[in-house]
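Peer 1: Chains as they are written, first to last, in our numbering: chain S, 14 to 335; chain A, 253 to 522.
C-beta atoms are modelled at their ideal positions from N, C-alpha and C, and glycine is treated no differently.
All figures in this text were calculated on a predicted structure; none of them were measured in a lab.
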Amino acid sequence: MTVKWIGKRMMMGVVVLLVVSFLSFFIMHAAPGDPATAFYGGNAQTLNAAEKERISRVFSLDRPITAQYGSWLVETLKGNLGISYKEGRPVITILRERLPNTLLLFGVTMFFIIVGSVWLGTIAGMKAGSILDKGLSILSIATSSIPAFWLGILFISFFAVKLGVLPSSGTGEIGGEGGFWDKLRYLILPATVIIFTHVGIFARFLQENIKDESRKYYVTVARANGVTEREIRKGILHNASFPYLNYIGMTIPSFFGGSIIVESLFSWNGLGQLTIKSVVTKDFPLLMGSILLIGMLVVISLFIIDFLMYSLNPKLRKGGVQ
Amino acid sequence: MKSRKMLAFWCIVLGIIVFSTVFSGNLAPYEPNDMNLDEVYLSPGDGHLLGTDHLGRDVFSRLLGGGKVTLTVATVSVLLSLVLGVLYGGFSGYVGGIVDTALMRLLEVFITIPSLIIILSFQAFMQGGMWSMALIIGVTGWLSTARIVRSEFIRLKEAEFVQMAKMFGTPIWKIIISHLLKNSVPAIFVVTLFNFANAIFIEVSLSFLGIGVPPAIPSWGNMLYYAQNDILIGAWWIGLYPGILIFITILAINFIGEALKDPERRRFSA
Numbered sequence: 014m015t016v017k018w019i020g021k022r023m024m025m026g027v028v029v030l031l032v033v034s035f036l037s038f039f040i041m042h043a044a045p046g047d048p049a050t051a052f053y054g055g056n057a058q059t060l061n062a063a064e065k066e067r068i069s070r071v072f073s074l075d076r077p078i079t080a081q082y083g084s085w086l087v088e089t090l091k092g093n094l095g096i097s098y099k100e101g102r103p104v105i106t107i108l109r110e111r112l113p114n115t116l117l118l119f120g121v122t123m124f125f126i127i128v129g130s131v132w133l134g135t136i137a138g139m140k141a142g143s144i145l146d147k148g149l150s151i152l153s154i155a156t157s158s159i160p161a162f163w164l165g166i167l168f169i170s171f172f173a174v175k176l177g178v179l180p181s182s183g184t185g186e187i188g189g190e191g192g193f194w195d196k197l198r199y200l201i202l203p204a205t206v207i208i209f210t211h212v213g214i215f216a217r218f219l220q221e222n223i224k225d226e227s228r229k230y231y232v233t234v235a236r237a238n239g240v241t242e243r244e245i246r247k248g249i250l251h252n253a254s255f256p257y258l259n260y261i262g263m264t265i266p267s268f269f270g271g272s273i274i275v276e277s278l279f280s281w282n283g284l285g286q287l288t289i290k291s292v293v294t295k296d297f298p299l300l301m302g303s304i305l306l307i308g309m310l311v312v313i314s315l316f317i318i319d320f321l322m323y324s325l326n327p328k329l330r331k332g333g334v335q
Numbered sequence: 253m254k255s256r257k258m259l260a261f262w263c264i265v266l267g268i269i270v271f272s273t274v275f276s277g278n279l280a281p282y283e284p285n286d287m288n289l290d291e292v293y294l295s296p297g298d299g300h301l302l303g304t305d306h307l308g309r310d311v312f313s314r315l316l317g318g319g320k321v322t323l324t325v326a327t328v329s330v331l332l333s334l335v336l337g338v339l340y341g342g343f344s345g346y347v348g349g350i351v352d353t354a355l356m357r358l359l360e361v362f363i364t365i366p367s368l369i370i371i372l373s374f375q376a377f378m379q380g381g382m383w384s385m386a387l388i389i390g391v392t393g394w395l396s397t398a399r400i401v402r403s404e405f406i407r408l409k410e411a412e413f414v415q416m417a418k419m420f421g422t423p424i425w426k427i428i429i430s431h432l433l434k435n436s437v438p439a440i441f442v443v444t445l446f447n448f449a450n451a452i453f454i455e456v457s458l459s460f461l462g463i464g465v466p467p468a469i470p471s472w473g474n475m476l477y478y479a480q481n482d483i484l485i486g487a488w489w490i491g492l493y494p495g496i497l498i499f500i501t502i503l504a505i506n507f508i509g510e511a512l513k514d515p516e517r518r519r520f521s522a
């Protein structure tokens, strides 16, 4: 049963990745302008027709699209993502340099968001009607309405420009040995911005779930039968955690999208900043590579969350047993 | 009662913002792109209500003019995604069966892809004007609408009055439009409202990164894009006010959406 379930989920992930690869490839293909000219850069006007054709042939640009997609996919599966137009280095090397930074930012922010929202949401949800309960509802809407990058600008102007206590951008001291503490100092501002704009709305979701759950019949029955308050709370939390996990899964795609913007605001040396940079410089191989990698990250994180839900929720595990 | 007052308050706030941006041509004291190099980086004060930027342009006038651009892009894209979502979701929900399953699986795949990624890859070669921007946001924003429309259609399809109408031989298009679609309007409205907030977010973010609306057109995102440098030299007012305005606009939309959503939910769950 479990094996079958994992297989099904994996298939779904593969389909998603295929669609992502399709999109990235065909969108790039539809791009106007001659790739040969783009490759040649600033002096493209000096190219004559024969030279252009030669470049096209060297890069197999004269073959049909489907053949191009096919061979591109085969090479991609082998781990060859091509060579960046601008940097002249293999895309996979560049991606490998950037990935740890993005994972660090993602991991740290996700950890604090989950811890913070579970803490806030549980307290607020368990005390329905209290000041905290009402306050969180309003506060969560307010914090999630702040554009993250604007908050980032404010933070930079306050902490970096006015107080000068934290660095405004980058991933580490230039020329420094790049130790852990050094990186941490640079992590504080971007991570705070992301956590601050997300934690409220996550907490609110959990809070609403706990409140819905507490109103249910089984809670009343348990209370009437003298089950201890602690046991009841445990049950409510357990049941409210499934929609919460599901919610995290649903927001992960947009979460990655949001971190792209924060990353490039703080020049955080991650995938998001790389994506924006490759859009601006029209570095298509790099853009395709980073889109694929981000797609993969999303699929993997969704898989982990699905797996968590599956192992926690007996209803899912037992399949269609009614 | 209290929540109705809140709703009215936020509606008025949003109304004022929309009104003043729509009539920005008459309300703004200066042209949004009027440069005056004698008056660069003026702090907020007389003459220029909210100060001037690095080219001596009046920040207040640019705020109003920029709001017009931002809100137009958001409106057009939301209308587009509304149409797409209603068509896709309506078709899926009405036909049902295998078609519905297949379409919903496809939708799941689309939802998994961060929409910003799709928009970015389009922007890589479509860096046109504000209309192409609206088009891209609209094309990527219909997924949640489609989901809602589909579930509404499935719920309503089984309702007695629809079954009755079918029995009387009411033409299909009439059932779809005046029974199914009309009764899903409240739910569609709420999801569209949230889409609207989201569209503003995306426009602002992309323009802020310098890959959205072209720099010549003032928009809230573009203003923040230039403000990045100005803030480093201490001209805080250039970056502060557009952000506050974006914040208030999105806040108003979210509060209106929440207020409208709540009675809905109570009615459905009862």
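Could you please tell me which residues of the region 439-469 of chain A, in chain order, have their CB closer than 8 angstroms to any CB of chain S?
Peer 2: Going along the region 439-469 of chain A in chain order, one finds A449, F453, V456, S457, F460, L461, G462 and I463 with a Cβ nearer than 8 angstroms to chain S.
Peer 1: Please report how far the alpha carbon of D296(S) lies from the alpha carbon of F460(A), in whole angstroms.
Peer 2: Here residue 296(S) refers to the residue found at position 283 of the first sequence. Here residue 460(A) refers to the residue found at position 208 of the second sequence. Roughly 20 angstroms separates the two Cα atoms.
Peer 1: Hey, would you say the C-beta of T156(S) is under 7 angstroms away from at least one heavy atom of the ligand ATP?
Peer 2: Ligands are entirely absent from the displayed structure, and the ligand ATP is therefore not among its contents.
Peer 1: Consider the Cβ of N506(A): report whether some Cβ of chain S lies at a distance smaller than 8 angstroms.
Peer 2: Sequence index remark: in the second sequence, residue 506(A) carries index 254 (1-based). By this cut-off, N506(A) is an interface position.
Peer 1: Over what stretch of residues does the alpha helix (DSSP H) that includes M475(A) continue unbroken?
Peer 2: Walking along the second sequence from the start, residue 475(A) turns up at place 223. Secondary structure note for M475(A): its alpha helix (DSSP H) is the uninterrupted segment W472 to L484.
Peer 1: Rounded C-beta distance between G302(S) and S367(A)? I'm assuming under 8 angstroms.
Peer 2: Indexing the first sequence from 1 puts residue 302(S) at position 289. Indexing the second sequence from 1 puts residue 367(A) at position 115. Incorrect: roughly 19 angstroms between the Cβ atoms, too far for contact.
Peer 1: Does the distance from the CB of M382(A) to the CB of V325(A) come in under 8 angstroms?
Peer 2: The residue given as residue 382(A) occupies position 130 in the second sequence. The residue given as residue 325(A) occupies position 73 in the second sequence. Yes.
Peer 1: So who's on the other strand from P103(S), going by DSSP bridges?
Peer 2: Translated into positions along the first sequence, residue 103(S) becomes position 90. DSSP, once it has assigned bridges, lists I96(S) as partnering P103(S).
Peer 1: Consult DSSP for D310(A) and reduce its assignment to one of helix, strand or coil.
Peer 2: As a working note, residue 310(A) is residue 58 in the second sequence. Strand at D310(A).
Peer 1: Can you give the beta carbon distance from I206(A) to I166(S), rounded, assuming they're within the 8 angstroms contact cut?
Peer 2: There is no way to answer for residue 206(A), as the model of chain A reaches only from 253 to 522.
Peer 1: Looking at the secondary structure, which residues open and close the alpha helix (DSSP H) in which I248(S) lies?
Peer 2: Within the first sequence, residue 248(S) is the residue found at index 235, counting from 1. This sequence places Gly at residue 248(S); Ile is not what is there. That run of the alpha helix (DSSP H) goes E242 to L278.
Peer 1: Is R243(S) buried or exposed, if buried means 16 or more other CB atoms sit within 10 Å of its CB?
Peer 2: Counted from its first residue, the first sequence places residue 243(S) at position 230. Under this definition R243(S) is an exposed residue.
Peer 1: Does any residue of chain S have a CB that is nearer than 8 angstroms to the CB of P284(A)?
Peer 2: Counting from one through the second sequence, the residue named residue 284(A) turns up at place 32. Closer than 8 angstroms: no.
Peer 1: So, with DSSP's three-state summary, where would you put T115(S)?
Peer 2: Walking along the first sequence from the start, residue 115(S) turns up at place 102. In this structure, T115(S) counts as helix in the three-state DSSP scheme.
Peer 1: Can you name the residues of chain A whose CB is closer than 8 angstroms to the CB of S267(S)?
Peer 2: The count along the first sequence starts at 1 and reaches residue 267(S) at position 254. Chain A residues near S267(S): P366, S367 and L368.
Peer 1: Mapping DSSP to helix, strand and coil, what is A304(A)?
Peer 2: Start at 1 with the first residue of the second sequence, and residue 304(A) comes out as number 52. Checking the displayed sequence, the identity of residue 304(A) turns out to be Thr instead of Ala. The answer is strand: DSSP assigns T304(A) an E or B state.
Peer 1: Out of T241(S), D225(S) and Y199(S), point me to the one whose CA is closest to E276(S)'s CA.
Peer 2: Indexing the first sequence from 1 puts residue 276(S) at position 263. Among T241(S), D225(S) and Y199(S), the Cα nearest to that of E276(S) belongs to Y199(S).
Peer 1: Throw me the rounded Cβ distance for the V312(S) and L30(S) pair, which I believe falls under 8 angstroms.
Peer 2: The sequence position of residue 312(S) within the first sequence is 299, counting from 1. The sequence position of residue 30(S) within the first sequence is 17, counting from 1. Yes, V312(S) and L30(S) are in contact; Cβ-Cβ is about 6 angstroms, under 8 angstroms.
Peer 1: Compare the C-beta of G349(A) with all C-beta atoms of chain S and state if any pair is closer than 8 angstroms.
Peer 2: In the second sequence, the residue the question calls residue 349(A) occupies position 97. By this cut-off, G349(A) is not an interface position.
Peer 1: List the residues of chain A whose Cβ lies closer than 7 angstroms to the Cβ of F193(S), in chain order.
Peer 2: Taking the first sequence and counting its residues from 1, the one referred to as residue 193(S) is at position 180. What F193(S) touches in chain A: nothing, since even the nearest Cβ is about 28 angstroms away.
Peer 1: Kindly list, in the order they appear in chain S, the residues whose Cβ is closer than 8 angstroms to that of A511(A).
Peer 2: One-based indexing of the second sequence puts residue 511(A) at position 259. The premise fails here: A511(A) is roughly 11 angstroms from chain S at the closest Cβ pair, so nothing lies under 8 angstroms.
Peer 1: Using a 10 Å radius around the Cβ and a threshold of 16 neighbouring Cβ atoms, would you call D305(A) buried or exposed?
Peer 2: Here residue 305(A) corresponds to residue number 53 of the second sequence, with the count starting at 1. Flag for D305(A) reads buried.
Peer 1: For K147(S), collect the residues of the same chain with a Cβ closer than 8 angstroms to its Cβ; drop the 5 residues on either side in sequence, then sort them by chain order.
Peer 2: Your numbering for residue 147(S) matches position 134 in the first sequence. Within the same chain, no Cβ atom closer than 8 angstroms to the Cβ of K147(S) is found once the five residues on either side in sequence are excluded.
Peer 1: Run through chain A and tell me which residues come within less than 7 angstroms of A235(S), C-beta to C-beta.
Peer 2: Walking along the first sequence from the start, residue 235(S) turns up at place 222. Ordered by position in chain A, no residue passes the 7 angstroms Cβ test against A235(S), which lies about 21 angstroms from the chain.
Peer 1: Figure out for me which residue from M419(A), I428(A) and L387(A) has the closest Cα to the Cα of E404(A).
Peer 2: Stepping through the second sequence from its first residue, residue 404(A) is reached at position 152. Comparing Cα-Cα distances from E404(A) to each of M419(A), I428(A) and L387(A), the minimum goes to I428(A).
Peer 1: Strictly under 8 angstroms for the Cβ-Cβ distance: is W163(S) near chain A by that measure?
Peer 2: Sequence index remark: in the first sequence, residue 163(S) carries index 150 (1-based). Yes, W163(S) counts as interfacial toward chain A.
Peer 1: My output table needs one value for W163(S): the three-state DSSP class, helix, strand or coil.
Peer 2: One-based indexing of the first sequence puts residue 163(S) at position 150. Of the three classes helix, strand and coil, the one that applies to W163(S) here is helix, per DSSP.
Peer 1: Which residues mark the beginning and the end of the alpha helix (DSSP H) in which D225(S) is found?
Peer 2: By 1-based counting over the first sequence, the position of residue 225(S) is 212. Its alpha helix (DSSP H) spans residues F193 to S227.
Peer 1: Please state the DSSP three-state secondary structure of G302(S).
Peer 2: Residue 302(S) sits at position 289 when you count from the first residue of the first sequence. G302(S) falls in the helix class under three-state DSSP.
Peer 1: Is it true that the CB of S254(S) sits closer than 8 angstroms to the CB of L325(S)?
Peer 2: Here residue 325(S) corresponds to residue number 312 of the first sequence, with the count starting at 1. Here residue 254(S) corresponds to residue number 241 of the first sequence, with the count starting at 1. It is a contact, given that the beta carbons lie within the stated cut-off.
Peer 1: Kindly indicate which residue of T79(S), V33(S) and R236(S) has the alpha-carbon position closest to the one of L358(A).
Peer 2: Locating residue 358(A) in the second sequence gives position 106, counting from the first residue. Measuring from the Cα of L358(A), the nearest candidate turns out to be V33(S).
Peer 1: Determine, using beta carbons only, whether V28(S) comes closer than 8 angstroms to chain A.
Peer 2: Taking the first sequence and counting its residues from 1, one reaches residue 28(S) at position 15. V28(S) counts as touching chain A.
Peer 1: For the region 256-286 of chain S, enumerate the residues whose C-beta is nearer than 7 angstroms to any C-beta of chain A, in chain order.
Peer 2: Listed in chain order, the positions of the region 256-286 of chain S with a beta carbon within less than 7 angstroms of a beta carbon of chain A are P266, S267, F269, G270, I273, I274 and S277.
Peer 1: Keeping to the same chain, check which residues put their C-beta closer than 8 angstroms to that of V28(S); ignore five residues upstream and five downstream.
Peer 2: By one-based count along the first sequence, residue 28(S) stands at place 15. None.
Peer 1: Is any beta-carbon of chain A found at less than 8 angstroms from that of I207(S)?
Peer 2: In the first sequence, residue 207(S) corresponds to position 194, counting from 1. Put simply, the CB of I207(S) is far from chain A, with every gap to its CB atoms at 8 angstroms or more.
Peer 1: From F268(S) to F446(A), what does the alpha carbon distance come to, in whole angstroms?
Peer 2: For this step, residue 268(S) is matched to residue 255 along the first sequence. For this step, residue 446(A) is matched to residue 194 along the second sequence. Cα to Cα, the separation comes out at about 17 angstroms.
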